[in-house]
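Report on the following structure.
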Amino acid sequence: MKYRKFGNTGANVSILGFGAMRLPMTGEGENLQVDMEKSVPMIQKGLDAGINYIDTAWAYLNETSEKVVGEAIAGRDRSKLYVSTKNPMNTEPGEYRKRLDVQLKKLKTDYIDFYHIHGLSWNVYQYKAKPKGYMDDLRKAKEEGLIRHISFSSHDTPANIMKIIDTGEFESMLVQYNLLHRYNEAAMANAAEKGMGVTIMGPVGGGRITFLSELKPREGRSLAELTLRFVFANPHVGVALSGMNTLEMIVENAKTADHDEPLSQIEKEDVNAMLGQIKGLEDLYCTGCGYCMPCPNKVDIPTNLLLLNYIRVYGSQKNFKDGNIQLYHKRMVPNGEAAEFCIECGECLDKCPQNIPISDRMKDVAAELAMFKPAG
Numbered sequence: 001m002k003y004r005k006f007g008n009t010g011a012n013v014s015i016l017g018f019g020a021m022r023l024p025m026t027g028e029g030e031n032l033q034v035d036m037e038k039s040v041p042m043i044q045k046g047l048d049a050g051i052n053y054i055d056t057a058w059a060y061l062n063e064t065s066e067k068v069v070g071e072a073i074a075g076r077d078r079s080k081l082y083v084s085t086k087n088p089m090n091t092e093p094g095e096y097r098k099r100l101d102v103q104l105k106k107l108k109t110d111y112i113d114f115y116h117i118h119g120l121s122w123n124v125y126q127y128k129a130k131p132k133g134y135m136d137d138l139r140k141a142k143e144e145g146l147i148r149h150i151s152f153s154s155h156d157t158p159a160n161i162m163k164i165i166d167t168g169e170f171e172s173m174l175v176q177y178n179l180l181h182r183y184n185e186a187a188m189a190n191a192a193e194k195g196m197g198v199t200i201m202g203p204v205g206g207g208r209i210t211f212l213s214e215l216k217p218r219e220g221r222s223l224a225e226l227t228l229r230f231v232f233a234n235p236h237v238g239v240a241l242s243g244m245n246t247l248e249m250i251v252e253n254a255k256t257a258d259h260d261e262p263l264s265q266i267e268k269e270d271v272n273a274m275l276g277q278i279k280g281l282e283d284l285y286c287t288g289c290g291y292c293m294p295c296p297n298k299v300d301i302p303t304n305l306l307l308l309n310y311i312r313v314y315g316s317q318k319n320f321k322d323g324n325i326q327l328y329h330k331r332m333v334p335n336g337e338a339a340e341f342c343i344e345c346g347e348c349l350d351k352c353p354q355n356i357p358i359s360d361r362m363k364d365v366a367a368e369l370a371m372f373k374p375a376g
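Going by the numbering used here, the sequence shown opens with residue 1, and the numbers climb by one from there.
What follows is the structure, given as structure tokens:
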């Protein structure tokens, strides 16, 4: 495992971090929660492979992600681990400390290394966080030793992320960056220049990039490996979070993180070829985060958008041959999960960090897939 200096924070972080947002779940509805039996060993497998940065959040996995992280790190040398978590930006001032106390108990720790305002926008920073807002709560918690570094995550525009960086209030940030989403490169460089640690979410697009199975990198590398290496090759990246949910994925990604040398000429050529082929995804950048769920009408929004991704890249006929039409008509339609059941209530729109016009895209999915109903 390779390690890097994390800005001016004094931390030396593994270039691969464990994102605890996509771990196996168990139960249904209100009882949906992380599967502790499967997930704890996965996180520990990552730690044994040299990962020392774990990222979670209050809301992840139906508010059970922090609990599984706490179980996974229990009994380990806390001084050798960096725990990152988040408090939603819509938390009211005064409530931040109450939630922090709950998070510390869930994580079974006395302090949190990197405490993020979750999904911070420039507008919220100006009118809610800054003027006698929860920035004061964070500073006080830091003075008390409950958090080591004040951080933020953001899905705002690159220009607004720049403004947040330039306030000088934060020691690290978490933003998106991958082959498809390169818009934050300037903000990442600005943050690094100012001594901030830079953490990356979605280095393989929430797994969406790797479904392009027809793109086969040369030099014996897998698509997942090349997309991760592309992110590692950026000198401003401190740690790239991967939402790993199988032991095989952990082993493969950890092996990739054993190397952080620059991309070879052949790899650069492969990257450029991939960028051309995934052009069709640029206006539909769904990472499968699931923030839009649950849908009040039981539509499986992430899966419908994934199918639309296939259509945009391969075309409907290829999609039909691959069996995804069968998935739609034989499972999703009977279960009421198909896009055609969208009633355009709009409840999901404000929840999407990518600002995807979900109701419009559901119409696109229904129209595309209705043309290829399987026989029988």
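Glycine included, every Cβ here is placed at the ideal spot set by N, Cα and C.
Just so you know, these numbers come straight off a predicted model, no measurement behind them.
### Task
Tell me whether Q265 is buried or exposed, calling it buried when 16 or more other Cβ atoms sit within 10 Å of its Cβ.
exposed
### Task
Taking 8 Å as the cut-off, decide whether the C-beta atoms of V124 and M89 are in contact.
yes
### Query
How do the region 57 to 73 and the region 18 to 31 stand: do at least 3 beta-carbon pairs fall below 8 Å, yes or no?
yes
### Query
Among all the DSSP beta bridges, which residues are the ones paired with T256?
T256 is not bridged to any residue.
### Query
To the nearest angstrom, how far is it from the Cα of A72 to the Cα of H118?
23 Å
### Query
Hey, out of G288, P235, S242, whose CA is closest to D260's CA?
P235
#### Entry: Residues near L228 by beta carbon distance below 6 Å, same chain, minus five either side
P203, T256
### Query
Going by the beta-carbon positions, is the gap between Y291 and P334 smaller than 8 Å?
no
### Message
I need the straight-line Cα distance from N272 to V13, nearest angstrom please.
### Response
29 Å
### Query
Any idea which residues DSSP pairs R4 with across the strands?
V13
### Task
Report the three-state DSSP secondary structure of V272 (helix, strand or coil).
The identity of residue 272 in the sequence shown is Asn, whereas the question assumes Val. Residue state, collapsed to three classes: helix.
### Task
Compare the Cα-Cα distances from L179 to each of G46, K268, V102 and report the closest residue.
K268
### Query
Would you call N304 buried or exposed, if buried means 16 or more other Cβ atoms sit within 10 Å of its Cβ?
buried
### Query
Taking three-plus beta-carbon pairs below 8 Å as touching, is the region 31 to 42 in contact with the region 65 to 82?
yes
### Task
Count the other CB atoms, across all protein chains shown, that sit within 10 Å of the CB of G205; report buried if there are 16 or more and exposed otherwise.
buried
### Query
With distances taken from CA atoms, which of M162, D166, V198 is nearest Y177?
V198
### Query
Mind checking D360: buried by the 16 CB within 10 Å criterion, or exposed?
exposed
### Query
What is the DSSP secondary structure of N227, reduced to helix, strand or coil?
The question names Asn, but residue 227 in the sequence shown is Thr. T227 falls in the helix class under three-state DSSP.
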